[in-house]
Amino acid sequence: MHENLFARTEGLFDVEAFAESRVLIAGCGSGGGQVALQLVMSGVKHFTLIDNDMMKSENVIRHVCGLRFVGRRKVDALEDVLKDRNPDISVLKVKEDLLLWNGLESEVQRSHIVVLATDNDPTRYQMNELCVRTETPFVVGKVFTRGIGGEVFGYRPGESGCLACLEGVLERTKFRDGVREIDLASEEDREKMYGLSPQEIKDSPGLAVDIGFITLFHVRYAMDALARLAPQRPAFLPAISENYVVWGNRPIHPFSKSFELQRITLHRQEDCLVCGGANE
Ligand SMILES: [Zn+2]
Numbered sequence: 008m009h010e011n012l013f014a015r016t017e018g019l020f021d022v023e024a025f026a027e028s029r030v031l032i033a034g035c036g037s038g039g040g041q042v043a044l045q046l047v048m049s050g051v052k053h054f055t056l057i058d059n060d061m062m063k064s065e066n067v068i069r070h071v072c073g074l075r076f077v078g079r080r081k082v083d084a085l086e087d088v089l090k091d092r093n094p095d096i097s098v099l100k101v102k103e104d105l106l107l108w109n110g111l112e113s114e115v116q117r118s119h120i121v122v123l124a125t126d127n128d129p130t131r132y133q134m135n136e137l138c139v140r141t142e143t144p145f146v147v148g149k150v151f152t153r154g155i156g157g158e159v160f161g162y163r164p165g166e167s168g169c170l171a172c173l174e175g176v177l178e179r180t181k182f183r184d185g186v187r188e189i190d191l192a193s194e195e196d197r198e199k200m201y202g203l204s205p206q207e208i209k210d211s212p213g214l215a216v217d218i219g220f221i222t223l224f225h226v227r228y229a230m231d232a233l234a235r236l237a238p239q240r241p242a243f244l245p246a247i248s249e250n251y252v253v254w255g256n257r258p259i260h261p262f263s264k265s266f267e268l269q270r271i272t273l274h275r276q277e278d279c280l281v282c283g284g285a286n287e
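Residue 286 in the numbering used here sits at position 279 of the sequence shown, and the numbers go up by one each step.
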């Protein structure tokens, strides 16, 4: 009944390539919502959405869901928006806290990939451990303070390091100073650095357009993770060789110009407490 939906892309891209893929979206905020919508537009049809938040008016200006969704659960609002783009998709909604939901492991296991789009490290690291244990690929995106840039990492089971490995490798990247400054500095230091209270910093991670650059890398990494599982890689989707990118939106330290990119291939670190050789 909706046979013309993909008429403008099917000459370029095999939209059936991802039709059987199941994608778990962990966190349905501005990042997770955008990634999910882009994946629908790329032919993904099976989603699990996990989030226990409500849409509030202050979310609207950066979210795929507008004012008419305020007061509804983010998973319900996002389902509505995704099905408006393709009514033939299936959506499983989980209105639970990621850290507390006891169905998480089995849901991760039956998903092909996890899109990790929560806004805090405890959920990122729990999901990292779970995905390493179940050998499930995941892609994670993070926007740096005030939207000056961000990073996207893809975990490739049996091939790459994990999120915990990345911490060690960051020591050797040219943006390490900036990443430490932004994310690892004490609250007192951050206050001095930006003249903002820690709460203001936490709540001001940039304009939608700045988040958008990171989000689109995140989408591309998700598509690459799905393509790696396909019996044959879809045409027009060459493999992304590096599994970690850092993107700078603006010439603010650690970035020196607008639209600056660093690519890294993260290998498994033998001494990693999550995925290292010591665990085998
Ligand atoms: Zn690791």
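Just so it is clear, CB atoms sit at the ideal spot from N, CA and C, and this is done for glycine as well.
Legend entry - Nearest-angstrom beta carbon gap, V121 and H225 [assumed within contact, 8 Å]: Mapped onto the sequence shown, residue 225 falls at position 218. Mapped onto the sequence shown, residue 121 falls at position 114. Between V121 and H225 the Cβ distance is about 12 Å, and since that is not below 8 Å, they are no contact.
Legend entry - Cβ-heavy atom distance, G283 to ligand 1, below 7 Å: Start at 1 with the first residue of the sequence shown, and residue 283 comes out as number 276. Because some heavy atom of ligand 1 lies under 7 Å away, the Cβ of G283 counts as near it: yes.
Legend entry - Opening and closing residue of the beta strand (DSSP E) in which A33 lies: Looking up residue 33 in the sequence shown gives position 26. First-last of the beta strand (DSSP E) with A33: R29 to A33.
Inset, instruction - With a 10 Å radius around its C-beta and 16 neighbouring C-beta atoms as the bar for buried, classify R227 as buried or exposed. - result: Looking up residue 227 in the sequence shown gives position 220. Classification for R227: buried.
Inset, instruction - Report yes if the CB atom of N59 is closer than 8 Å to the CB atom of E114, and no otherwise. - result: Counting from 1 along the sequence shown, the entry for residue 59 is found at position 52. Counting from 1 along the sequence shown, the entry for residue 114 is found at position 107. Going by C-beta atoms, N59 is not nearer than 8 Å to E114.
Legend entry - Own chain residues within Cβ distance below 6 Å of E267, not counting five before or after: As a first step, residue 267 must be located in the sequence shown, where it is residue number 260. Excluding five sequence positions before and after E267, the CB atoms of its chain that fall closer than 6 Å to its own CB belong to G255, given in chain order.
Inset, instruction - Check whether the Cβ of G50 sits closer than 7 Å to any heavy atom of ligand 3, and report yes or no. - result: No copy of ligand 3 appears in this structure; the ligands present are ligand 1.
Legend entry - R270 (DSSP reduced to helix, strand or coil): For the purposes of this step, residue 270 is taken as residue 263 along the sequence shown, with counting starting at 1. Strand.
Inset, instruction - With distances taken Cα to Cα, identify the nearest neighbour of D91 among Q45, A229 and P258. - result: Within the sequence shown, the letter at position 84 stands for residue 91. Of the candidates Q45, A229 and P258, Q45 places its Cα closest to the Cα of D91.
Inset, instruction - Could you name each continuous beta strand (DSSP E) segment of 3 residues or more that falls completely within the stretch 78 to 114, going from the start of the chain to the end? - result: The stretch 78 to 114 contains these whole beta strand (DSSP E) runs: 97 to 101.
Inset, instruction - Could you tell me which residues DSSP puts in a beta bridge with V281? - result: Translated into positions along the sequence shown, residue 281 becomes position 274. V281 pairs with nothing; no bridge assigned.
Inset, instruction - Taking only heavy atoms of ligand 1 into account, decide whether any of them is closer than 7 Å to the Cβ of C279. - result: Counted from its first residue, the sequence shown places residue 279 at position 272. Look at C279: its beta carbon is less than 7 Å from one of the heavy atoms in ligand 1.
Inset, instruction - Answer yes or no: the CB of G275 versus the heavy atoms of ligand 1, is any distance below 7 Å? - result: Position 268 of the sequence shown holds residue 275. This sequence places Arg at residue 275; Gly is not what is there. Relative to ligand 1, the nearest heavy atom lies less than 7 Å away from the CB of R275.
Legend entry - Closer than 7 Å: C172 CB and nearest ligand 1 heavy atom: Translated into the one-based positions of the sequence shown, residue 172 becomes position 165. For ligand 1, at least one heavy atom lies less than 7 Å from the Cβ of C172.
Inset, instruction - Compute the Euclidean distance between the alpha carbons of D231 and I247, then round it to the nearest angstrom. - result: Taking the first residue of the sequence shown as 1, we reach residue 231 at position 224. Taking the first residue of the sequence shown as 1, we reach residue 247 at position 240. The straight-line gap from Cα to Cα measures roughly 7 Å.
Inset, instruction - Can you give me the Cβ contacts of G168 inside the same chain, cut-off strictly under 6 Å, excluding the 5 residues immediately before and after it? - result: Counted from its first residue, the sequence shown places residue 168 at position 161. L273, H274, R275 and Q276.
Legend entry - Three CB pairs or more closer than 8 Å across the stretch 233 to 249 and the stretch 132 to 142: With the cut-off at 8 Å, the stretch 233 to 249 and the stretch 132 to 142 do not touch.
Inset, instruction - Tell me, please, which residues DSSP counts as bridged to I57. - result: Within the sequence shown, residue 57 is the residue found at index 50, counting from 1. Answer is A33 and V101.
Inset, instruction - Flag G168 as yes when its Cβ comes closer than 7 Å to any non-hydrogen atom of ligand 1, and as no otherwise. - result: Locating residue 168 in the sequence shown gives position 161, counting from the first residue. Inclusion of G168 in the 7 Å shell around ligand 1 follows from its C-beta lying nearer than that to a non-hydrogen atom of the ligand.
Legend entry - Contact belief for G154 with L214 at Cβ below 8 Å, rounded distance in angstroms: Taking the sequence shown and counting its residues from 1, one reaches residue 154 at position 147. Taking the sequence shown and counting its residues from 1, one reaches residue 214 at position 207. About 6 Å; that satisfies the 8 Å criterion.
Inset, instruction - Could you please give me the residues that DSSP links to Y251 through a beta bridge? - result: Residue 251 sits at position 244 when you count from the first residue of the sequence shown. Note: Y251 sits in a beta bridge opposite F160 and I271.
Inset, instruction - Compute the Euclidean distance between the alpha carbons of N109 and A43, then round it to the nearest angstrom. - result: To locate residue 109, count along the sequence shown from 1; it is residue 102. To locate residue 43, count along the sequence shown from 1; it is residue 36. Cα to Cα, the separation comes out at about 23 Å.
Inset, instruction - Give me the Cα-Cα distance between G36 and H70, rounded to the nearest whole angstrom. - result: Looking up residue 36 in the sequence shown gives position 29. Looking up residue 70 in the sequence shown gives position 63. Cα to Cα, G36 sits roughly 7 Å from H70.
Legend entry - Burial state of H119, where buried means 16 or more other Cβ atoms lie within 10 Å: Position 112 of the sequence shown holds residue 119. So H119 counts as buried.
Legend entry - Extent of the continuous alpha helix (DSSP H) run through F13: If you number the sequence shown from 1, residue 13 lands on position 6. It is not in any alpha helix (DSSP H) - F13 carries neither H nor E in the DSSP assignment.
Legend entry - Same chain, Cβ closer than 7 Å to V51, five either side skipped, listed in chain order: As a first step, residue 51 must be located in the sequence shown, where it is residue number 44. Cβ within range, chain order: F25, S28 and V30.
Legend entry - Delimiting residues of the beta strand (DSSP E) encompassing L214: Counted from its first residue, the sequence shown places residue 214 at position 207. For L214, there is no enclosing beta strand (DSSP E), as DSSP marks it with neither H nor E.
Legend entry - Spatial distance of C279 from H9 (CA atoms): To locate residue 279, count along the sequence shown from 1; it is residue 272. To locate residue 9, count along the sequence shown from 1; it is residue 2. Answer to the nearest angstrom: the Cα atoms are 48 Å apart.
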